[in-house]
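S.K.: Residues 0 to 357 (numbering that gives the first Met the number 0) make up the sequence shown, in order.
For glycine and all other residues, C-beta sits at the position ideal for the given N, C-alpha and C.
Every value quoted in this text rests on a predicted model; they were computed, and no experiment measured them.
Pasting a structure here, questions to come.
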Amino acid sequence: MYKINSKHLIFFIFSVTAISARTYASIFIGVNGRDTWISALIATFLLLGFIFLIMFISLKTKTLTLEKVFYNTYPKLLGNIFLFLFCAGLFLTSLEAATVESSAIHTTIFIETPVWYCLAFFIIPAAYVASKNFRTISIVVIVTISIIFVSNLFLMTLLYQYKNFQYLLPILFNGLSKENIFATLMLLGSFSSIAIVFPFLRYVRDKENLIKNSLLGTFIICILVTFVFVLLIGTFGPLRASNIYYPEFYQAQRLDIEDFLEFGDFFFLLRTVCNLFLKYVLSLTGIITLLRNKIKRKKVFIAIYTVIIAVLSYFIGSNQFVMFNLLRPLQFILLVVFFVIPLITYVIYFFKYKRMKM
Numbered sequence: 000m001y002k003i004n005s006k007h008l009i010f011f012i013f014s015v016t017a018i019s020a021r022t023y024a025s026i027f028i029g030v031n032g033r034d035t036w037i038s039a040l041i042a043t044f045l046l047l048g049f050i051f052l053i054m055f056i057s058l059k060t061k062t063l064t065l066e067k068v069f070y071n072t073y074p075k076l077l078g079n080i081f082l083f084l085f086c087a088g089l090f091l092t093s094l095e096a097a098t099v100e101s102s103a104i105h106t107t108i109f110i111e112t113p114v115w116y117c118l119a120f121f122i123i124p125a126a127y128v129a130s131k132n133f134r135t136i137s138i139v140v141i142v143t144i145s146i147i148f149v150s151n152l153f154l155m156t157l158l159y160q161y162k163n164f165q166y167l168l169p170i171l172f173n174g175l176s177k178e179n180i181f182a183t184l185m186l187l188g189s190f191s192s193i194a195i196v197f198p199f200l201r202y203v204r205d206k207e208n209l210i211k212n213s214l215l216g217t218f219i220i221c222i223l224v225t226f227v228f229v230l231l232i233g234t235f236g237p238l239r240a241s242n243i244y245y246p247e248f249y250q251a252q253r254l255d256i257e258d259f260l261e262f263g264d265f266f267f268l269l270r271t272v273c274n275l276f277l278k279y280v281l282s283l284t285g286i287i288t289l290l291r292n293k294i295k296r297k298k299v300f301i302a303i304y305t306v307i308i309a310v311l312s313y314f315i316g317s318n319q320f321v322m323f324n325l326l327r328p329l330q331f332i333l334l335v336v337f338f339v340i341p342l343i344t345y346v347i348y349f350f351k352y353k354r355m356k357m
């Protein structure tokens, strides 16, 4: 079995955690306005606590296999139900990745290109990569994220000049309002896509550094997204930023170096396509990993899965209003499936493990 070290896991965390919150940031800004970055900061620390608890329990119980945790915590039927719910969450994240990618590219850059055409150039290569072994997928993740991360830092540095911090004031004008709590829960649901990496913990070799590197990766990517919200609100103001479907695209279009270079669109295209591509591949690979004893023919499963995703993504992504109305409740579904259920399950499993050892 191919193994990765815990530093490689950082790249997996970067692949799945924050791309959704960045791509359709307007739905979060629309809820909490100029204080959205504070909600992102609170969600970051809640997620850090969640990751610490999951990794700590996994190491203490010497259980890095997610399905084993479900089966040892609950009766067989209930364990299968919760495992199915987790796989359903992975299906929803892959559907989200395919739908948002095709819609974003069609809406912003290739307006005259139909959604199905954008979709075909996304899910077919993704299916091909997912059909390969874990070693190949790991290489794709590490190389792609390295390029994206460097380009993100470069772009954010260039865009800093366009911000206006007056748009961020006054901070917490209405105090800790229900909008603040609502946005925090939505962002926590979006960030909880980090659970996509849980099926791959079994491949980690140096378990002694698992907690440290997991927390490091989570902190870096979530703080990066918090800074993205600051830049977006500082660039457009809370009202305008909440009324743009893909605000980072229009923010990148402002990039102008001495009236000579204007290439912000390239960075948006690179980050959106590549990052959502990785999220789709890892979601699909996660399902295959969790259900490896039930999936007899991997390539047939991937083919059927791809067709289902293609059909659903086409109908959802063809209408921006429908898609964005579905993205809001999706965050709460992911909050339950990827955050609440694993949190409760791992805590129960830890106490059952301690009682058995007594």
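Grab me the residues of residue 337's own chain with a C-beta within less than 6 Å of its C-beta, minus the 5 sequence neighbours each way, in chain order.
M.R.: As a working note, residue 337 is residue 338 in the sequence shown. Once the five neighbours on either side are set aside, the close Cβ partners of residue 337 are 88, 191, 194.
S.K.: How many Å lie between residue 301 and residue 314 at the Cα?
M.R.: For the purposes of this step, residue 301 is identified with residue 302 of the sequence shown, where counting begins at 1. For the purposes of this step, residue 314 is identified with residue 315 of the sequence shown, where counting begins at 1. Spanning the two alpha carbons is a distance of roughly 20 Å.
S.K.: For residue 266, tell me which candidate among 107, 320, 213 has the shortest Cα-Cα distance.
M.R.: As a first step, residue 266 is located in the sequence shown; it is residue number 267 there, counting from the start. With distances taken between Cα atoms, residue 266 lies closest to 107.
S.K.: Does the segment 32-50 come into contact with the segment 326-334, if we say contact requires no fewer than three beta-carbon pairs (one atom in each stretch) closer than 8 Å?
M.R.: Too few Cβ pairs lie closer than 8 Å, so no.
S.K.: Going by beta carbon distance, what residues of the same chain come within less than 8 Å of residue 171, once the five residues before and after it are set aside?
M.R.: Here residue 171 refers to the residue found at position 172 when the sequence shown is read from its first residue. Cβ neighbours of residue 171 beyond the five flanking positions: 34, 37, 179.
S.K.: State the CB to CB distance for the pair residue 359 and residue 250, rounded to an integer number of angstroms; the pair is presumed to be in contact (CB under 8 Å).
M.R.: Coverage of the chain is limited to positions 0 through 357, which leaves residue 359 absent and any answer about it impossible.
S.K.: Does the beta-carbon of residue 278 have 16 or more other beta-carbons within 10 angstroms, so that it is buried, or is it exposed?
M.R.: Reading the sequence shown from its first residue, position 279 is the one you call residue 278. Classification for residue 278: buried.
S.K.: Whose C-alpha, out of 348, 102, 281, is nearest the C-alpha of residue 198?
M.R.: Here residue 198 refers to the residue found at position 199 when the sequence shown is read from its first residue. Closest by alpha carbon: 281.
S.K.: If you count every other CB in all the chains shown that lies within 10 Å of the CB of residue 164, and 16 or more means buried, which is it?
M.R.: Translated into positions along the sequence shown, residue 164 becomes position 165. By the 10 Å Cβ count, residue 164 comes out exposed.
S.K.: Going by beta-carbon coordinates alone, are residue 241 and residue 25 separated by less than 9 Å?
M.R.: Position 242 of the sequence shown, counted from the start, is the residue given in the question as residue 241. Position 26 of the sequence shown, counted from the start, is the residue given in the question as residue 25. Yes. Within cutoff.
S.K.: From the DSSP output, in three-state form, read off residue 315 for me.
M.R.: Reading the sequence shown from its first residue, position 316 is the one you call residue 315. Helix, per DSSP.
S.K.: Decide yes or no for the touch test of the segment 61-74 against the segment 195-215: beta carbon pairs closer than 8 Å, at least 3 of them.
M.R.: These segments touch.
S.K.: Based on the DSSP secondary-structure assignment, which residues constitute the bridge partners of residue 3?
M.R.: On the sequence shown, residue 3 is found 4 positions in, with the first residue counted as 1. According to DSSP, residue 3 bridges with 203.
S.K.: Pull up the CB-CB distance for residue 120 and residue 97, whole angstroms please, since I reckon it's below 8 Å.
M.R.: Here residue 120 is taken as the residue at index 121 of the sequence shown, counted from 1. Here residue 97 is taken as the residue at index 98 of the sequence shown, counted from 1. In fact, because the Cβ distance is near 11 Å, the residues do not count as touching under 8 Å.
S.K.: Give, in chain order, every unbroken run of the alpha helix (DSSP H) that is at least 4 residues long and sits entirely within the segment 58-117.
M.R.: Whole alpha helix (DSSP H) segments, 4+ residues: 65-72, 75-107.
S.K.: Less than 9 Å between the beta carbons of residue 246 and residue 269, yes or no?
M.R.: The residue labelled residue 246 in the question sits at position 247 within the sequence shown. The residue labelled residue 269 in the question sits at position 270 within the sequence shown. Not a contact, by the Cβ cut-off of 9 Å.
S.K.: Exposed or buried, which one is residue 156 when buried takes at least 16 other CB atoms within 10 Å?
M.R.: By one-based count along the sequence shown, residue 156 stands at place 157. It counts as exposed.
S.K.: Which runs of the alpha helix (DSSP H), 4 residues or longer, sit entirely within the segment 6-60?
M.R.: The qualifying runs are 18-22, 25-31, 35-59.
S.K.: Below 9 Å between beta carbons: does that hold for residue 284 and residue 123?
M.R.: One-based indexing of the sequence shown puts residue 284 at position 285. One-based indexing of the sequence shown puts residue 123 at position 124. No, the Cβ-Cβ distance between residue 284 and residue 123 is not below 9 Å.
S.K.: Measuring CA to CA, which of 220, 31, 351 is closest to residue 358?
M.R.: The structure shown does not extend to residue 358, since the chain is modelled only from 0 to 357, so the question has no answer here.
S.K.: If I'm right that residue 212 touches residue 9 with Cβ under 8 Å, what's the distance once you round it to whole angstroms?
M.R.: Sequence index remark: in the sequence shown, residue 212 carries index 213 (1-based). Sequence index remark: in the sequence shown, residue 9 carries index 10 (1-based). Yes, residue 212 and residue 9 are in contact; Cβ-Cβ is about 6 Å, under 8 Å.
S.K.: According to the neighbour-count rule (16 or more other Cβ atoms, all chains shown, within 10 Å of its Cβ), is residue 237 buried or exposed?
M.R.: If you number the sequence shown from 1, residue 237 lands on position 238. When all chains shown are included, residue 237 counts as buried.
S.K.: Let's test the definition: count the other Cβ atoms within 10 Å of the Cβ of residue 341 and tell me whether it reaches 16, buried, or not, exposed.
M.R.: Position 342 of the sequence shown, counted from the start, is the residue given in the question as residue 341. Classification for residue 341: buried.
S.K.: Taking Cβ to Cβ, would you say residue 129 is nearer than 9 Å to residue 287?
M.R.: The sequence position of residue 129 within the sequence shown is 130, counting from 1. The sequence position of residue 287 within the sequence shown is 288, counting from 1. Cβ atoms of residue 129 and residue 287: closer than 9 Å.
S.K.: So residue 50 packs on residue 214, CB below 8 Å; how close in whole Å?
M.R.: Along the sequence shown, read from residue 1 onward, the residue named residue 50 stands at position 51. Along the sequence shown, read from residue 1 onward, the residue named residue 214 stands at position 215. Indeed, because the Cβ distance is near 6 Å, the residues count as touching under 8 Å.
S.K.: Would you kindly report the start and end of the unbroken alpha helix (DSSP H) that includes residue 150?
M.R.: To locate residue 150, count along the sequence shown from 1; it is residue 151. Here the alpha helix (DSSP H) through residue 150 covers 133-158.
S.K.: Using 10 angstroms around the beta-carbon of residue 140, count the other beta-carbons present and answer buried if the total reaches 16, otherwise exposed.
M.R.: Here residue 140 refers to the residue found at position 141 when the sequence shown is read from its first residue. Its Cβ being crowded by 16 or more others within 10 Å, residue 140 is buried.
S.K.: Between residue 223 and residue 17, which are expected to be in contact by the criterion C-beta below 8 Å, what is the C-beta distance as a whole number of angstroms?
M.R.: Numbered from its first residue, the sequence shown carries residue 223 at position 224. Numbered from its first residue, the sequence shown carries residue 17 at position 18. Contact holds; Cβ gap of about 7 Å.
S.K.: Just mark residue 134 as buried or exposed, buried being the case when its beta carbon has 16 or more other beta carbons within 10 Å.
M.R.: As a first step, residue 134 is located in the sequence shown; it is residue number 135 there, counting from the start. Per the 10 Å Cβ criterion, exposed.
S.K.: Using the Cα positions of residue 430 and residue 344, report the straight-line distance between them to the nearest angstrom.
M.R.: This structure cannot speak to residue 430, because the chain is shown only from 0 to 357.
S.K.: Can the beta-carbon of residue 311 be found closer than 9 Å to that of residue 22?
M.R.: If you number the sequence shown from 1, residue 311 lands on position 312. If you number the sequence shown from 1, residue 22 lands on position 23. Taking 9 Å as the Cβ cut-off, residue 311 and residue 22 do not qualify as a contacting pair.
S.K.: Whole angstroms is fine: what's the gap from residue 94's alpha carbon to residue 118's?
M.R.: The count along the sequence shown starts at 1 and reaches residue 94 at position 95. The count along the sequence shown starts at 1 and reaches residue 118 at position 119. Residue 94 and residue 118: Cα-Cα distance of roughly 11 Å.
S.K.: By how many angstroms is the C-alpha of residue 85 removed from the C-alpha of residue 137?
M.R.: In the sequence shown, counting from the first residue as 1, residue 137 sits at position 138. In the sequence shown, counting from the first residue as 1, residue 85 sits at position 86. Each residue's Cα considered, the two are about 22 Å apart.
S.K.: Distance check for residue 189 and residue 329, CA to CA, integer angstroms please.
M.R.: On the sequence shown, residue 329 is found 330 positions in, with the first residue counted as 1. On the sequence shown, residue 189 is found 190 positions in, with the first residue counted as 1. So the alpha carbons of these two residues sit roughly 8 Å apart.
S.K.: Between the Cα of residue 210 and the Cα atoms of 12, 1, 58, which residue gives the shortest distance?
M.R.: The sequence position of residue 210 within the sequence shown is 211, counting from 1. Ranking 12, 1, 58 by Cα distance to residue 210 puts 58 first.
S.K.: With C-beta atoms as the reference, is residue 72 less than 9 Å away from residue 353?
M.R.: Mapped onto the sequence shown, residue 72 falls at position 73. Mapped onto the sequence shown, residue 353 falls at position 354. Contact flag unset, no.
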